[in-house]
Structure formats: structure tokens, C-alpha cells
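Positions in the sequence shown are counted from 1; adding 36 to them yields the working numbering.
Where a beta carbon is used, it is the ideal one built from N, C-alpha and C, also for glycine.
Model, not experiment: these values are computed from the prediction.
Working notes, structure below.
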Amino acid sequence: MRAARIVAYLVLALAPPALAEEPFYLKDGDRVVFYGDSITEQRLYTTFVETYVVTRFPSLNVSFVHSGWGGDRVTGGGGGPIDTRLKRDVIAYRPTVMTIMLGMNDGSYRPFDEQIFQTYATGMERIVEKVKAELPEVKLTLIRPSPFDDVTRPPVFEKGYNAVLVRYGDFLKELAEKEHAKLADLNTSVVDATKKAFETDPEKAKKLNPDRVHPAAGGQLLMAAALLDAWDAPALVSDVQIKLESKSEPKIQTEKTKVSDVQWNDGILKWTQLDESLPFPADLKDDVIKLAVNSSDFVKDLDQQPLKVSGLEGSDYVLSIDGEEVGSFSKDQLAEGINLALLATPMNKQASEVHNLTLKHNNVHFTRWRSVQVPLSSIKSAHLDEAIADLDRVEAEVVDQQRAASQPKPRRYELKPKS
């Protein structure tokens with residue numbers, strides 16, 4: 037029964053094609069800096085976004101720097117006052133794209149206070165003004181603060197702290213319109229998914245945001261999806277439709293992939309497929325991540341890799357890719373379509389390797405920044421700049437490996453009757 041439910045989900049997860057697709061926000065040559073507090077410092081939603089971009093656009097040359105510092109407010113924090121933070125951790129990288137998510141600490145975890153809010157509003161305006169003065173061509177994405185979890189646990193005061201963050205986000209909407217910046221809402225859809233998850237499994241839903249402030253991987257995957265949605269990220273990885281007719285060659289329709297060397301003999305269908313990109317490697321073995329995915333539109337909006345095969349004569353079939361069995365399906369399920377992005381395919385495993393390299397290069401940068409550059413800035417050493425440069429070179433080598441690993445490979449598919 038469990039296998040049947042999984043297969044049913046794979047089929048239902050296929051979304052109808054969009055009528056029109058907006059161009060993706062990031063362009064070749066873009067340099068992205070993610071700026072924020074401890075929620076950004078976790079390097080979860082940011083690395084999910086990076087891995088999505090690298091796997092979905094493997095020929096796009098986009099770099100990423102993650103500049104979140106725990107405890108930060110619009111005035112700065114443990115990494116120094118805001119002017120220091122911006123100069124060292126943003127402007128030094130000459131970004132063409134900058135995201136800003138602040139507010140969780142600024143609201144002071146108390147009911148809405150007009151004076152506290154004005155400090156936040158003035159500070160955000162100043163950050164935007166200073167960055168645009170230094171980087172006139174930069175594209176800004178202002179992010180509504182991610183939620184304080186008032187869903188899985190009772191609010192700590194009337195209306196709850198997330199309602200305060202929503203008001204801060206409303207100000208950001210006005211500021212984004214005024215400054216012609218992009219606005220990303222990392223609050224509403226995360227709250228909606230959390231509510232649905234809480235109805236499904238209250239205990240697991242609490243693990244989306246264990247301390248109510250810092251979402252774990254499942255919660256941050258929802259945040260990444262919201263940012264990618266604001267950037268008009270495409271859902272489709274590839275699309276293959278094969279129609280079998282007994283007395284003619286198979287009829288094949290494809291999108292974002294190339295199919296070749298098709299063989300249809302003795303009830304066994306084989307073909308080679310080279311996709312333009314890779315699926316997103318959501319870890320569905322993690323129960324909390326799976327709950328997040330099932331409680332949201334993540335798959336529909338960001339991870340579609342449909343395969344449809346009609347005209348099969350047998351009742352059940354086994355699908356293998358590169359000799360690895362990835363699932364068993366009825367002919368009706370194959371005719372309706374399955375979503376390969378949700379299966380443990382060689383492509384998904386390859387994408388997981390890419391994400392592992394994403395994490396590694398970010399760890400190198402974090403060490404360079406937080407263990408060398410900042411704490412040793414007042415130390416007189418002839419070798420400090422050299423050490424920083426060496427770590428930058430190490431990170432660049434890991435990024436090169438990440439980009440190499442993101443390149444799609446031709447895969448050999450086989451669909452044969454289940455014995």
C-alpha cells in the first residue's frame with residue numbers, strides 16, 4: 037500500500053504546463069549577495085536557492101556570497117555597525133544582485149511599537165540608499181521577514197509576533213515600489229504551508245521551525261521556494277512524451293531535452309535522454325522536508341520532470357535509468373505521467389552531489405570570513421592577505437567542481453514489463 041501511495045503522489049505531483057513563462061530574474065554574469073541576520077547565516081534557504089540556480093541553469097555563470105550575521109538589525113550587530121557590514125560584506129563583492137532580509141531582531145520580539153518600527157523603517161531606507169549610491173546598477177530584492185512560528189505553538193502575546201513581522205513586511209512592499217526593487221514574500225506561503233503541515237502532523241510541523249525563529253531545512257526549503265517564485269524560477273526540468281503504436285515508430289514529443297537511439301522491441305522500450313538541466317535534490321527521505329514539500333506547491337512550482345508513455349500493452353512496468361531500477365508503475369500511471377524529479381534517479385543523485393559542493397564552498401567562505409578576515413583584522417601580519425587569498429582560491433576550485441558536476445549527462449532509459 038505504501039508503494040501505491042508513493043506512486044500516486046508522483047503522478048498527482050505533475051502540474052499542467054504554464055501558459056506563459058516569465059524570464060528568470062538572474063542573468064549570466066550576475067553576482068548575488070544574500071544579506072541578513074542569523075536566519076540567513078544558517079545558509080539554508082540561500083544554499084537551496086544557489087543549488088536550484090546551478091542545477092536548473094548549468095550554463096549560467098552566476099556567483100553567490102552569503103553574508104548573514106546572527107543578531108543583526110538594520111543598524112548592524114556583532115559584525116560591526118551597518119556601514120562596516122555593508123562595506124566589507126556586500127560592496128566589496130560588487131554584487132549585481134543583493135537580497136536583504138532583516139526584521140526578526142528589529143521588532144524586539146514584542147507587540148508592535150511605533151518607535152521601534154520607525155527605527156527599522158529608517159534603517160532599511162538608509163541601507164537601500166547607501167547600497168545604491170555605491171552600486172547604482174545593483175538589482176535589489178527586499179525580503180519580507182520569514183515568520184515567527186505562531187502556528188504550531190500559541191502566540192506569546194495577543195495577535196502574536198508574526199503579525200508584527202507582517203507589518204514590517206508591508207513597509208518593505210512600499211519601499212520596494214518606491215525604489216523599483218523586487219519584493220519577495222518569505223512569510224505568507226511559509227505560514228500557509230506550516231498550517232497545512234500542522235493539520236497533517238502537529239509534532240513534525242513543529243520541527244519546520246524548532247525554536248520559532250530559525251527554520252530548519254524543511255522550513256528554509258519553503259523560504260527558498262518563495263524567493264525563487266519572486267524571481268520567476270521555472271518549474272520544468274524536462275518533459276518527454278512517448279506514444280507507442282504497434283505498426284509504426286514511437287512518436288516522441290520533448291521539451292528541454294533531447295531523446296535519441298529509441299528502441300521498441302519485444303515489449304521493451306529503450307532510449308537515451310540528455311536533459312538541459314537537473315532536478316532539485318529535495319531530500320524526501322527526511323520526514324520533515326517531505327512534510328514541507330507535501331504541504332506546499334514546491335513540486336508544482338519548481339520541480340517538474342514528467343515522463344509519459346502511452347500505448348503499452350502489459351499491465352506493469354519497471355523503469356531503469358543507467359541500469360538502476362528507479363520504480364515500478366502500471367501502464368495507466370505511465371500514460372498519465374510520472375514525475376521523475378521525485379524519484380531516486382541518477383539525475384537526482386547527481387544534483388545531490390552538486391548541493392554537497394554548494395555547502396562545501398560556502399563553508400570555505402564562512403571560515404575565511406568569520407575565522408580569518410574579521411577576527412584577525414586588527415592583527416599585524418604580513419601573511420593575512422595571503423591566507424585570505426589562498427582560501428578564496430580554494431573556494432573557487434570547489435565552485436569549479438560544483439559547476440562541472442551540474443552539467444547534465446546522457447542517460448539510458450529502459451522500460452520493461454514487470455516479471
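Practice prompt. State yes or no: is the C-beta of Val89 within less than 8 Å of the C-beta of Tyr129?
Written response: The residue labelled residue 89 in the question sits at position 53 within the sequence shown. The residue labelled residue 129 in the question sits at position 93 within the sequence shown. No, the pair does not count as a contact, with Cβ atoms beyond the cut-off.
Discussion item. Since Thr293 and Gln309 should fall inside the 8 Å C-beta cutoff, what is the C-beta to C-beta distance between them, to a whole number of angstroms?
Written reply: Position 257 of the sequence shown, counted from the first residue, corresponds to residue 293. Position 273 of the sequence shown, counted from the first residue, corresponds to residue 309. Between Gln309 and Thr293 the Cβ distance is about 6 Å, and since that is below 8 Å, they are a contact.
Fill in: Whole-Å CB distance - Asp268 paired with Glu58, under 8 Å assumed
Numbered from 1 along the sequence shown, position 232 holds the residue referred to as residue 268. Numbered from 1 along the sequence shown, position 22 holds the residue referred to as residue 58. Asp268 to Glu58, Cβ: 4 Å. Contact.
Fill in: Span of the alpha helix (DSSP H), counted from its first residue to its last, around Ser74
In the sequence shown, the residue the question calls residue 74 occupies position 38. Element bounds for Ser74: 74-77.
Worksheet item: Can you name the start and end residues of the alpha helix (DSSP H) that His456 belongs to?
Response: Because the chain is modelled from 37 through 455, residue 456 falls outside the range shown and cannot be assessed.
Worksheet item: Going by beta carbon distance, what residues of the same chain come within less than 6 Å of Ser346, once the five residues before and after it are set aside?
Response: Within the sequence shown, numbered from 1, the residue matching residue 346 stands at position 310. Cβ neighbours of Ser346 beyond the five flanking positions: Lys279, Ala371.
Worksheet item: In the DSSP assignment, what residue or residues form a beta bridge with Phe365?
Response: Here residue 365 is taken as the residue at index 329 of the sequence shown, counted from 1. DSSP, once it has assigned bridges, lists Tyr353 as partnering Phe365.
Worksheet item: Is it buried or exposed for Thr76, if we count other Cβ within 10 angstroms and need 16 for buried?
Response: Locating residue 76 in the sequence shown gives position 40, counting from the first residue. That one is buried.
Worksheet entry | Other residues of its chain near Val167: CB distance less than 8 Å, five sequence neighbours each side excluded | As a working note, residue 167 is residue 131 in the sequence shown. Answer for Val167: Leu122, Val126, Ile127, Met134, Val174, Leu176, listed in chain order.
Worksheet item: DSSP state of Asp297, grouped into three classes?
Response: Taking the sequence shown and counting its residues from 1, the one referred to as residue 297 is at position 261. DSSP places Asp297 in strand when its eight states are reduced to three.
Worksheet item: Using the C-alpha atoms, what's the distance from Val324 back to Leu378?
Response: The sequence position of residue 378 within the sequence shown is 342, counting from 1. The sequence position of residue 324 within the sequence shown is 288, counting from 1. Cα-Cα distance, rounded: 16 Å.
Fill in: For Leu176, the residue or residues it bridges with in DSSP
Working through the sequence shown from its first residue, we reach residue 176 at position 140. According to DSSP, Leu176 bridges with Met134.
Worksheet entry | Rounded C-alpha distance that separates Val430 from Lys232 | Against the sequence shown, residue 430 aligns to sequence position 394. Against the sequence shown, residue 232 aligns to sequence position 196. In a straight line, the C-alpha of Val430 is about 43 Å away from that of Lys232.
Discussion item. I'd like the span of the beta strand (DSSP E) that includes Thr308, first residue to last.
Written reply: What you label residue 308 is simply residue 272 of the sequence shown in a count that begins at 1. Note, Thr308: beta strand (DSSP E), 304-311.
Worksheet item: Which same chain residues, not among the five before or five after Lys242, have their C-beta less than 6 Å away from its C-beta?
Response: Counting from 1 along the sequence shown, the entry for residue 242 is found at position 206. Within the same chain, Lys242 has close Cβ partners Thr188.
Item to complete: Assign Pro190 to buried or exposed, taking buried as 16 or more other Cβ atoms, counted over all protein chains shown, within 10 Å of its Cβ.
Response: Numbered from its first residue, the sequence shown carries residue 190 at position 154. Exposed.
Worksheet entry | Own chain residues within Cβ distance below 7 Å of Asp319, not counting five before or after | One-based indexing of the sequence shown puts residue 319 at position 283. The residues are Ile325.
Item to complete: Could you say which of Pro286, Leu258, Leu412 lies nearest to Ser182 if we only look at CA atoms?
Response: Position 146 of the sequence shown, counting from 1, holds the residue named residue 182. If we check each option's Cα against that of Ser182, Leu258 comes out closest.
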